[in-house]
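Quick notes on the structure that follows.
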Amino acid sequence: RTRETRVLFLALSLTCGVLETRTMTTLNQMHRKGKPKFPPPKLGPTFGNPQLKGVVLKTMIRKPKKPNSANRKCARVRLSNGKEVVCFIPGEGHNLQEHSIVLVEGGRTQDLPGVKLKIVRGKYDCAHVQKKK
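Numbering (the UniProt record's numbering), first residue to last: 1 to 133.
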């Protein structure tokens, strides 16, 4: 190969990200297949946002997975993007009821299957955890 061909090959392979993830392809293969398409990154439970605002539809008590036995306080929340999710209410005691406005952040509760969000205490209608006397 001539020097120009090697430089062209190197430039093409660097722009396509070929050297990072795959074995080296020839110019003919690159011409046939085109640029490699990478899948979009997976979005977390808050759909790419750090927090989301939502309205409480219903408060409920969930039972945890096998070795644990305490009841966990949860709420069904309609988020600002229209999705309905179940969120964990951290801390002891809460003042949430139907139609309360809450702020929701990511972070799953390990012993509750399907609960991937937590309600932020001290924001909107969800009060801080009360201090013990």
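Where is the CB? At the ideal position from N, CA and C, for every residue including glycine.
Minimum Cα-Cα distance from G107 among the listed residues P67, G44 and K65 corresponds to G44. In the DSSP annotation of this structure, the continuous segment of the beta strand (DSSP E) that includes L103 starts and ends at I101 to G106. Pairing R62 with L112 gives a Cβ-Cβ distance under 7 Å.
Residues K73, C74, A75, L96 and I119 of the same chain have their beta carbon placed closer than 7 Å to that of I89, with the five preceding and five following residues left out of the count.
A straight line joining the alpha-carbon of K58 with that of K42 spans about 29 Å. Taking a 10 Å sphere around the C-beta of L117, we find 16 or more other C-beta atoms and assign the residue as buried.
Of the candidates R121, T109, V115 and Q110, the residue whose Cα lies closest to the Cα of I101 is R121. In the DSSP assignment, R78 forms a beta bridge with V55 and E84. One Cα belongs to T26, the other to N49, and the distance between them is close to 41 Å.
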